[in-house]
Amino acid sequence: MPGIHGLVVNTKAHIRQSLLALAKHRTSDAVALAHALLNTPAIQNATHIGVYMALPSEPSLSQFIHTVRVSLALPAYDESIKRYVFRTFIPNKTSLSLGGDGCLAPGSNSPVIPQLDVIVVPCVAVDKQGNRLGRGQGVYDQLLADHPTYAIGIVHEAHVLDQVPVEPHDQPVQAIIHG
Numbered sequence: 006m007p008g009i010h011g012l013v014v015n016t017k018a019h020i021r022q023s024l025l026a027l028a029k030h031r032t033s034d035a036v037a038l039a040h041a042l043l044n045t046p047a048i049q050n051a052t053h054i055g056v057y058m059a060l061p062s063e064p065s066l067s068q069f070i071h072t073v074r075v076s077l078a079l080p081a082y083d084e085s086i087k088r089y090v091f092r093t094f095i096p097n098k099t100s101l102s103l104g105g106d107g108c109l110a111p112g113s114n115s116p117v118i119p120q121l122d123v124i125v126v127p128c129v130a131v132d133k134q135g136n137r138l139g140r141g142q143g144v145y146d147q148l149l150a151d152h153p154t155y156a157i158g159i160v161h162e163a164h165v166l167d168q169v170p171v172e173p174h175d176q177p178v179q180a181i182i183h184g
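Each residue of the sequence shown is one higher than the one before, starting from 6 at the first, in the working numbering.
Set out below in structure tokens:
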């Protein structure tokens with residue numbers, strides 16, 4: 006019989022698989038999402054924001070990225086320290102390449118941003134307490150643990166659940182915006 010940890014992992018994997026299959030058929034309104042983000046006090050007061058380049062199943066930040074006028078950073082894997090870091094991202098200027106996790110990321114020539122005011126996090130699912138379910142690789146759990154700051158979870162509205170299974174390493178978000 007599996008232990009409690011095994012049950013949580015299996016439950017998370019099942020929820021993730023089901024919601025990612027549904028997300029393939031969902032669309033997001035990048036303009037409405039940008040408007041919601043731009044009207045968030047944490048964003049309005051920020052000078053350095055961590056963002057993401059959306060995968061097909063994730064709400065797009067494209068409009069927000071091209072509208073907001075602050076320093077932006079994207080997650081990138083740093084092979085020298087074997088950890089994800091945030092690197093400077095200037096829309097239409099920073100060269101991006103596909104990382105091992107399937108996401109577009111700046112190269113090692115982009116400076117690391119050690120401190121951010123806000124991190125915008127893609128979520129497969131989230132509950133009303135801010136517990137989030139990601140893609141299962143622990144990327145944002147590591148980034149949020151390394152950069153303790155205000156985190157905004159971006160999720161399809163139908164993916165806000167009553168409860169998300171939580172493990173000790175899971176990092177929550179402080180706010181949720183539907184994309």
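Heads up, the beta-carbon is just placed ideally off N, CA and C, and yes, glycines get one too. The structure displayed is predicted, hence computed values, not measured ones.
query: Length at least 4, wholly inside the region 106 to 184: the alpha helix (DSSP H) runs in chain order; result: 144 to 151
query: I79 - partner residues in DSSP beta bridges; result: For the record, residue 79 in the displayed sequence is Leu; it is not Ile. R92.
query: For N114 and V129, the rounded distance between their alpha carbons; result: 30 Å
query: Rounded C-alpha distance that separates T99 from N44; result: 26 Å
query: Check: H71 C-beta below 8 Å from any heavy atom of the ligand HEM; result: Questions concerning the ligand HEM fall outside what the structure shown contains, since it holds no ligand whatsoever.
query: Nearest-angstrom Cβ-Cβ length linking V144 and D106, presumed shorter than 8 Å; result: 6 Å
query: T154 and V131 closer than 9 Å at C-beta; result: no
query: Nearest-angstrom beta carbon gap, G55 and A78 [assumed within contact, 8 Å]; result: 5 Å
query: Exposed unless 16 or more other CB atoms sit within 10 angstroms - verdict on H71; result: exposed
query: Enclosing alpha helix (DSSP H) for L38 [first to last residue]; result: 35 to 43
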